[in-house]
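Beneath this line is the structure, given in structure tokens, with notes to follow.
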Amino acid sequence: MKLVDDIRSYVTDNEFKMIVQNKIVDILNFDLIDKISEDVVIVYNHKQKIKINGKSLMIKKLLNNELLITGSIISISFEAYDE
Amino acid sequence: MNNYYIIRVTGRNINKFLFKCNNNKIDLLKINRISHKEIIIKINEKDYNNLMKIKSIYKLEIINKFGFIKLKELFNRYKILIISFVIGIIFLIFLSNLTFKVFIISDNKNLREKVLRDLNAYGIKKYSYKKRYDDVQKIKKEILEKYSDTIEWIEINRNGIVYKVQIVERKKKANNLNSDNVNIVANKSGVIKKLIIEDGIKEVEINNYVNKGDIVISGILKKDEDIKGLVHAKGKVYAEVWYNVNISYPLNYNEKIYTRNKRKSLYIKIGKKYYNLKKYKNMERKSIIHIANRLVPIEFGIENQNEVKIINDKLSIKEAKNKAILKAKERLLDTLDKDEYIISENTLNFYSKDSKIVVDIFFSCYEEIGMEEKIVLE
Chain A
1 MKLVDDIRSY VTDNEFKMIV QNKIVDILNF DLIDKISEDV VIVYNHKQKI KINGKSLMIK
61 KLLNNELLIT GSIISISFEA YDE
Chain B
1 MNNYYIIRVT GRNINKFLFK CNNNKIDLLK INRISHKEII IKINEKDYNN LMKIKSIYKL
61 EIINKFGFIK LKELFNRYKI LIISFVIGII FLIFLSNLTF KVFIISDNKN LREKVLRDLN
121 AYGIKKYSYK KRYDDVQKIK KEILEKYSDT IEWIEINRNG IVYKVQIVER KKKANNLNSD
181 NVNIVANKSG VIKKLIIEDG IKEVEINNYV NKGDIVISGI LKKDEDIKGL VHAKGKVYAE
241 VWYNVNISYP LNYNEKIYTR NKRKSLYIKI GKKYYNLKKY KNMERKSIIH IANRLVPIEF
301 GIENQNEVKI INDKLSIKEA KNKAILKAKE RLLDTLDKDE YIISENTLNF YSKDSKIVVD
361 IFFSCYEEIG MEEKIVLE
């Protein structure tokens, strides 16, 4: 069954991912957006609270499973939480 | 085709609007923040109705559309113009394929009327629909066969809405003086090879030389130098006659060979320049259907393309000489009837001049030389 699970995960790609590049943060498969402002964006996946601190943060794309943030990123913090 | 809306959203708390979209699973494909109170978003067509449901205090304004919905909007905006244009084009195609005049070029009024009647029967007439190229070729062939004794050549060309039919009448020999008493005389000098006498008296023996104008079959019946009666001499006189032909042939040889490749293609002609979807490197084109206007130098249509191979070659003296002889022979054979032929040929002289070769050829031909001539008694 592991093989089937592997194939399913490859095809559906439900894994949480975060790609950080210069002035861009692309978050895939998040669960919830908690806060959006120019200084901070907070999102949750099923294990963590992710806090992105920065300046002039802007949401460039907001899909059901993808969030693209641009702006000057100062820090990104991950905090465990129980669902 | 993907359909998108570009929408301007204005409201007091734009971030709250983004939350709302996320909660309602509306994909915001692109977000441009204009100010704290204004953003421009790009959404799929399927999300538009949901967006309208959740808009509440936010003001939404469609700035642009992409995809089929844009085309639909343009069509709705300009539908009268588009429908008129399409109907106009269909009407233009219809009219340009109708025949408004059939014009026959021939001096013979009788023949003109006969051919016009036949063309009518074949469907080439006023207000009839344009015939296909193959049909026109077939009609030409059938008319030529029907009037093989009177028509030498016929060409049917379509020029816009007019059929122009050009007829070349077959020239009949003018030596037929049926009702009078005639002799048969030689119309060329030569050595008599065969005589077929239906009526009249033989005046010359086989293998004898005759000059032009000599009586070969006489229509005067004599007995002891007294004229006993006059008849209409009938018969055929075959003789060996000679021609001295001087012909030139270019040393630079150009030939156009038709390959078997042919196809139909769409074309646009702007001015004198053609633009095709497909075309051969060298080809001959013939338009089948076209839409053109005299005021605008643009033409659209479908054409037949025949591929041709163009050969530009330089001939040797020997090759040019052989081709010149062949050409002279072909020309001479064109003037001969079925029962006449070339007995022999002999090259007398040849020389090259101004990038061409000049050849003198002597031909000996078996030819009918009899011609009726009215008997004039002194």
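If you read the protein sequences in the order shown, they are chains A and B. Per my numbering, the first sequence starts with residue 1, numbered consecutively. Per my numbering, the second sequence starts with residue 1, numbered consecutively. Ideal Cβ positions, reconstructed from N, Cα and C, are used throughout, including at glycine.
Between residue i and residue j, is the Cβ-Cβ spacing less than 7 Å?
i                         : j                         : result
glycine 190 of chain B    : serine 218 of chain B     : no
isoleucine 36 of chain A  : glycine 54 of chain A     : no
arginine 3 of chain B     : isoleucine 69 of chain B  : Residue 3 of chain B is actually asparagine in this sequence, not arginine. Result yes, Cβ atoms of asparagine 3 of chain B and isoleucine 69 of chain B sit closer than 7 Å.
aspartate 47 of chain B   : isoleucine 63 of chain B  : no
leucine 28 of chain A     : lysine 17 of chain A      : yes
valine 182 of chain B     : alanine 233 of chain B    : yes
isoleucine 31 of chain B  : arginine 8 of chain B     : no
arginine 260 of chain B   : glutamine 305 of chain B  : no
glycine 235 of chain B    : isoleucine 184 of chain B : yes
lysine 256 of chain B     : valine 308 of chain B     : yes
asparagine 208 of chain B : methionine 371 of chain B : no
lysine 278 of chain B     : serine 287 of chain B     : no
isoleucine 43 of chain B  : tyrosine 5 of chain B     : yes
isoleucine 105 of chain B : tyrosine 122 of chain B   : no
glutamate 340 of chain B  : glutamate 367 of chain B  : yes
aspartate 180 of chain B  : isoleucine 143 of chain B : no
isoleucine 361 of chain B : glutamate 345 of chain B  : yes
valine 102 of chain B     : tyrosine 163 of chain B   : yes
May I ask which residues mark the beginning and end of the alpha helix (DSSP H) holding residue i?
i                           : result
serine 96 of chain B        : 68-96
leucine 295 of chain B      : Careful: leucine 295 of chain B lies outside any alpha helix (DSSP H) and carries neither H nor E.
aspartate 118 of chain B    : 109-122
leucine 333 of chain B      : 317-335
phenylalanine 19 of chain B : 14-23
Note down, in chain order, each residue of its chain lying with its Cβ closer than 8 Å to the Cβ of residue i, except the 5 sequence neighbours on either side.
i                         : result
leucine 332 of chain B    : Tyr243, Val245, Ile342, Phe363, Cys365
isoleucine 291 of chain B : Ile89, Leu92, Ile93, Ser96, Glu299, Phe300, Gly301
tyrosine 127 of chain B   : Leu98, Thr99, Phe100
lysine 356 of chain B     : Ser248, Tyr249, Pro250, Leu251, Ala320
asparagine 65 of chain A  : Leu28, Asn29, Phe30
alanine 174 of chain B    : For alanine 174 of chain B, the predicted model reports a pLDDT of 45, less than 50, meaning its position is unreliable and no value from the coordinates is stated.
Once the 5 residues before and after residue i are set aside, which same chain residues still bring their CB inside 6 Å of it?
i                         : result
methionine 91 of chain A  : This structure leaves residue 91 of chain A out entirely; chain A is present only between 1 and 83.
asparagine 176 of chain B : The predicted model places asparagine 176 of chain B with a pLDDT of 45, which falls under 50 and marks its position as unreliable; any figure quoted below should be read in that light. Excluding residues within five positions, none has a Cβ falling inside 6 Å.
lysine 59 of chain B      : Thr10
proline 297 of chain B    : Gly271
valine 358 of chain B     : Ser248, Tyr351
lysine 51 of chain A      : Ile42, Ser77
Taking the beta strand (DSSP E) that residue i belongs to, which residues open and close that run?
i                            : result
tyrosine 48 of chain B       : Note, tyrosine 48 of chain B: premise wrong, no beta strand (DSSP E); alpha helix (DSSP H) at 48-54.
lysine 30 of chain B         : 28-35
tyrosine 81 of chain A       : From DSSP, tyrosine 81 of chain A is part of no beta strand (DSSP E); its letter is neither H nor E.
asparagine 349 of chain B    : 341-353
valine 43 of chain A         : 40-44
threonine 99 of chain B      : Run containing threonine 99 of chain B: none; DSSP gives neither H nor E here.
phenylalanine 362 of chain B : 356-368
methionine 58 of chain A     : 48-62
glutamate 15 of chain A      : Careful: glutamate 15 of chain A lies outside any beta strand (DSSP E) and carries neither H nor E.
histidine 25 of chain A      : Checking the displayed sequence, the identity of residue 25 of chain A turns out to be valine instead of histidine. Its beta strand (DSSP E) spans residues 24-28.
valine 376 of chain B        : No beta strand (DSSP E) contains valine 376 of chain B, which DSSP labels as neither H nor E.
tyrosine 4 of chain B        : 4-10
asparagine 44 of chain B     : 38-44
lysine 35 of chain A         : 32-36
Leaving out five residues before and five after residue i in sequence, what residues of the same chain have Cβ atoms less than 7 Å from its Cβ?
i                         : result
tryptophan 153 of chain B : Val168
lysine 327 of chain B     : Ile247, Tyr249
glutamate 203 of chain B  : Ile215, Val216, Ile217, Ser218
Worksheet item: Closer than 7 Å, Cβ to any Cβ of chain B: which residues of the stretch 46-71 of chain A, in chain order?
Response: Met58, Ile59, Lys60, Lys61, Leu62, Leu63, Asn64
Item to complete: Only counting runs of 3 or more residues, tell me where the beta strand (DSSP E) segments fall wholly within the stretch 197-236 of chain B, in order along the chain.
Response: 215-218, 220-223, 226-230
Worksheet item: Can you list, in chain order, the residues of the stretch 20-36 of chain A whose Cβ is nearer than 7 Å to any Cβ on chain B?
Response: Ile33, Ile36
Discussion item. My parser needs the alpha helix (DSSP H) runs of 4 or more residues fully inside the stretch 128-183 of chain B; what are they?
Written reply: 133-146
Worksheet item: When you check each C-beta in the stretch 15-32 of chain B against every C-beta of chain A, which residues fall closer than 7 Å?
Response: Asn15, Leu18, Phe19, Cys21, Asn22, Lys25, Asp27, Leu28, Leu29, Lys30, Ile31
Item to complete: Please specify which runs of the beta strand (DSSP E), each continuous and at least 3 residues long, are wholly inside the stretch 230-287 of chain B, giving them in chain order.
Response: 234-250, 252-270, 273-276
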